[in-house]
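All residue numbers for the sequence shown refer to this note's numbering, where the first residue is 7 and numbers rise by one.
Scroll down for the structure; my scribbles are underneath it.
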Amino acid sequence: MKLYTKTICPKCLWVKSELNAANLEVEVINIDHDESAKQIVLDAGFLSVPLFEINGEFIAEPTSIIDRISEMTA
C-alpha cells in the first residue's frame, strides 16, 4: 500500500493521521521530493494528492480513502 502526498497538504495530513490511528503500514511517498512518484500519479490520471494505491487500484478522494481504511480494519 502506498500513499502519495505533498509537503503542504491538509487533506494528506488528515489521511495520514487516520492511517496511523488504524495502525496500518503504508509507504508514504512525498511527490515534492520524488519526481518518479509524481510521474506515477500523473500517469494514473490524477492531478492531486492524497492518492492511495492498494493492489494496483488508486483511490483519490480523502473520504473514500478513509472509508477503505475503515473497511480494512473492521
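For each residue, glycine too, the CB sits at the ideal point set by N, CA and C.
Determine whether the beta carbon atoms of L19 and I75 lie at a separation below 8 angstroms. no
Below 7 angstroms CB to CB, which residues in the same chain sit around I71 once its five sequence neighbours on both sides are set aside? V21, P56, F58, I65
Look at the alpha carbon of A43 and the alpha carbon of N36, and state the distance between them as a whole number of angstroms. The straight-line gap from Cα to Cα measures roughly 8 angstroms.
Which of helix, strand or coil DSSP assigns to E63: strand
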